[in-house]
Amino acid sequence: MRKGQNPAKYVKEVAKPARITVAVLNYIPFQSGYYSEMLDVLKVCLQSIHETADLPYDLMVFDNGSCEEVCQYLLAEKDAGRIQYLVLSEKNLGKGGAWNLILSGAPGEIIAYSDNDCVFYHGWLSRSVQILETYPNTGMVTARPFRTSPELHTQTVAWAEANPEAQIERGKLVPFEVLHEFNLSLGQSDEFSRNLIEKSEDIRLTYQGVTVFVGGSHWQFTAYKKVLAQFLPFQMDRPMGQVKQLDQKMNDAGYLRLMPNEPLAMNISNSLPDQSKPVGKQQKTASRSLKNIFLRLPPVKKLLLSLHDWIFRAYFKG
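Take 0 as the starting number for the sequence shown in numbering that gives the first Met the number 0 and just add one per residue.
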């Protein structure tokens, strides 16, 4: 038998979510090896969002089965009011499974998605939304220019070529340093990055006074939730490696994929930049240089990554 009346009956109104949900996907299964600095990277990512987002937003974090220490940090951030929506998954659903929940469950009209290893600069959110609202039929806006696969933005180029209001420029238009910095953050060698930049080109568009570069990517993007909903659910049978499904599906559906003409976000991968590390860690940088050269030798890198993959699957698959 019910005792009394539910107090919620007397609540006259409920909170409304912000128009924009900034959503971060996190996965740190342990704090050693590859993941030894990832909690610090996550902290820098979330801090940069709080410090640089220049439009009202709610922050949503989906944790994909991280270790206890990471979950406790996220719970503390939520209790402090710095995370509005926190989802702690018991198991790793993979990126596709996490996207299915994030992109359908985020309450905002606009979703600004990020992996947990991104750092943002002032103006990234308003600039991304400006592009999203200016260019028609935009699928995603990634907050920095970099070279992307031409086959993934054919529809963007086709739209620009068919639209007399759109101005198109081609060539080496993004500063080399901006492109090279990003390539190196992905683990590319200096030589590979330089060759890639030399052999490819940028495509720049101007439409209604807003200048952008053609391209975009799944690691960070701002998009309308209603557009993203068209591509759900994602079917991915591996935790990673199949995430270009979103890029391909957007292009196939005729949506534009765009980037601002200035770098407003950066991938920092699994380690902090030297200037962000404690002094003790900086002093070790020089002594590590020879080791890093050795570890980047192709045969050594291939062997160690294969061993890491085998160990990871043995302990964490399923």
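Here a beta-carbon is modelled for each residue, glycine too, at the ideal position from N, C-alpha and C. Just so it is clear, the structure is predicted and the values come from calculations on it, not from any experiment.
- Item | Beta bridge counterpart(s) of Asn266 as assigned by DSSP | As a working mapping, residue 266 is identified with position 267 in the sequence shown. Cys117.
- Is Ser216 helix, strand or coil by DSSP? Within the sequence shown, numbered from 1, the residue matching residue 216 stands at position 217. DSSP places Ser216 in strand when its eight states are reduced to three.
- alpha helix (DSSP H) segments (min. 4 residues) lying fully within the stretch 66-91: 67-78
- Message: With a threshold of 8 Å, are at least 3 pairs of Cβ atoms found where one atom belongs to the stretch 192-200 and the other to the stretch 80-89?
- Response: no
- Query: Ends of the beta strand (DSSP E) at Ile19?
  - Reply: Taking the first residue of the sequence shown as position 1, residue 19 is located at position 20. Ile19 to Asn25 is the extent of the beta strand (DSSP E) around Ile19.
- Task: Work out the CA separation of Ala222 and Lys318 for me, nearest whole Å.
- Result: Nothing about residue 318 can be read from this structure; the chain reaches only from 0 to 317.
- Would you report the Cα separation of Thr153 and Arg256, rounded to the nearest angstrom? Residue 153 sits at position 154 when you count from the first residue of the sequence shown. Residue 256 sits at position 257 when you count from the first residue of the sequence shown. Distance between the alpha carbons of Thr153 and Arg256 is about 10 Å.
- Message: Suppose the cutoff is 7 Å on Cβ atoms and the five residues either side in sequence are ignored; what does the same chain contact list for Lys243 look like?
- Response: Translated into positions along the sequence shown, residue 243 becomes position 244. So the list reads His217, once near-sequence residues are dropped.
- Which two residues bound the contiguous beta strand (DSSP E) that contains Phe61? Numbered from its first residue, the sequence shown carries residue 61 at position 62. Phe61 -> beta strand (DSSP E) spans Asp57 to Asp62.
- Item | Coarse secondary structure for Pro6, derived from DSSP in three states | Mapped onto the sequence shown, residue 6 falls at position 7. Residue state, collapsed to three classes: helix.
- Is it buried or exposed for Phe145, if we count other Cβ within 10 angstroms and need 16 for buried? To locate residue 145, count along the sequence shown from 1; it is residue 146. The residue in question, Phe145, is buried, as its Cβ has 16 or more Cβ neighbours within 10 Å.
- For the stretch 111-192, list the beta strand (DSSP E) runs that are entirely contained and at least 3 residues long, ordered along the chain. 117-119, 137-140 and 166-170
- Item | Segment contact, 8 Å Cβ cut-off, at least three pairs: the stretch 132-142 with the stretch 245-259 | yes
- Query: In its own chain, which residues sit with a C-beta less than 6 Å from the C-beta of Ala52, not counting the 5 before and 5 after it?
  - Reply: As a working mapping, residue 52 is identified with position 53 in the sequence shown. So the list reads Leu124, once near-sequence residues are dropped.
- Query: Between the C-alpha atoms of Met37 and Glu76, what's the straight-line distance to the nearest angstrom?
  - Reply: As a first step, residue 37 is located in the sequence shown; it is residue number 38 there, counting from the start. As a first step, residue 76 is located in the sequence shown; it is residue number 77 there, counting from the start. Rounded to whole angstroms, Met37 to Glu76 spans 16 Å at the Cα level.
- When Gly186, Val177 and Leu85 are compared against Asp57, the one with the closest alpha-carbon: Mapped onto the sequence shown, residue 57 falls at position 58. For the residues Gly186, Val177 and Leu85, the minimum Cα distance to Asp57 belongs to Leu85.
- Can you give the Cα-Cα distance for Val69 and Val211, rounded to whole angstroms? One-based indexing of the sequence shown puts residue 69 at position 70. One-based indexing of the sequence shown puts residue 211 at position 212. So the alpha carbons of these two residues sit roughly 37 Å apart.
- Residue burial classification, Gln71 (beta-carbon count within 10 angstroms, cutoff 16): Position 72 of the sequence shown holds residue 71. Looking at its Cβ environment, which holds fewer than 16 other Cβ atoms inside 10 Å, Gln71 is exposed.
- Task: Count the other C-beta atoms from every protein chain shown that fall within 10 angstroms of the C-beta of Lys283, then say buried if there are 16 or more, exposed otherwise.
- Result: Position 284 of the sequence shown, counted from the first residue, corresponds to residue 283. Interpretation of Lys283 is limited by its pLDDT of 41, a score under 50 that renders its predicted location unreliable; no figure is taken from the coordinates.
- Own chain residues within Cβ distance below 8 Å of Pro28, not counting five before or after: The count along the sequence shown starts at 1 and reaches residue 28 at position 29. Cβ within range, chain order: Tyr34, Gly64, Ser65, Cys66, Asn91 and Phe315.
- Item | Through-space distance from Glu89 to Ser127, alpha-carbon basis | Position 128 of the sequence shown, counting from 1, holds the residue named residue 127. Position 90 of the sequence shown, counting from 1, holds the residue named residue 89. Taking the straight line joining both Cα atoms gives about 33 Å.
- Query: Using the C-alpha atoms, what's the distance from Leu73 back to Ser148?
  - Reply: Here residue 148 refers to the residue found at position 149 when the sequence shown is read from its first residue. Here residue 73 refers to the residue found at position 74 when the sequence shown is read from its first residue. Whole-angstrom Cα-Cα distance: 35 Å.
- Just the Cα atoms here: how many angstroms apart are Glu168 and Ser31? Here residue 168 is taken as the residue at index 169 of the sequence shown, counted from 1. Here residue 31 is taken as the residue at index 32 of the sequence shown, counted from 1. Computed Cα separation, rounded: 46 Å.
- Query: Applying the criterion that 16 or more other CB atoms from any shown protein chain within 10 Å of the CB defines a buried residue, is Gly214 buried or exposed?
  - Reply: Counting from 1 along the sequence shown, the entry for residue 214 is found at position 215. That one is buried.
- Query: CB-CB under 8 Å to Leu271, same chain, minus the five flanking residues each way: which ones, in chain order?
  - Reply: What you label residue 271 is simply residue 272 of the sequence shown in a count that begins at 1. So the qualifying residues of the chain are Glu36, Asp39, Val40 and Val43.
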